[in-house]
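Novice: One structure, pasted below without further comment.
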Amino acid sequence: MSRKLVRPRDNRWIAGVCAGLGRRYGISIGLVRLLFVLSIVLPGSQLLVYLVLWILMPNEDRHPTY
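Below, the structure written as structure tokens:
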């Protein structure tokens with residue numbers, strides 16, 4: 001897994017957090033989004049984690065060099 005954890009500039013819906021997680025860990029982006037939406041009905045701090053990741057995950061470079 002050599003990809004960095006970044007929010008991609010394409011394929012974003014809100015902030016790109018789910019897309020970044022899916023790309024980084026080789027999981028379908030749609031599956032990550034579905035799991036996040038389903039997790040909202042469970043008790044916990046999912047929205048807070050999403051907001052923290054939104055703040056901490058950098059945007060993808062316009063011209064990646066990897």
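The sequence shown runs 1 to 66 under UniProt numbering. For every residue, glycine included, the Cβ atom is placed at its ideal position computed from N, Cα and C. Just so we're clear, the structure is a prediction, and the values are computed from it rather than from any experiment.
With a 10 Å radius around its C-beta and 16 neighbouring C-beta atoms as the bar for buried, classify R3 as buried or exposed.
Specialist: Per the 10 Å Cβ criterion, exposed.
Novice: What separation, rounded to the nearest whole angstrom, lies between the Cα atoms of L53 and N11?
Specialist: One C-alpha to the other measures close to 17 angstroms.
Novice: For R7, which of helix, strand or coil comes out of DSSP?
Specialist: If DSSP states are grouped into helix, strand and coil, R7 belongs with the strands.
Novice: For R9, is the classification buried or exposed, using 16 other Cβ atoms within 10 angstroms of its Cβ as the cut-off for buried?
Specialist: Per the 10 Å Cβ criterion, exposed.
Novice: Is the Cβ-Cβ distance between V32 and G44 less than 7 angstroms?
Specialist: No, these two residues do not count as a Cβ contact at 7 angstroms.
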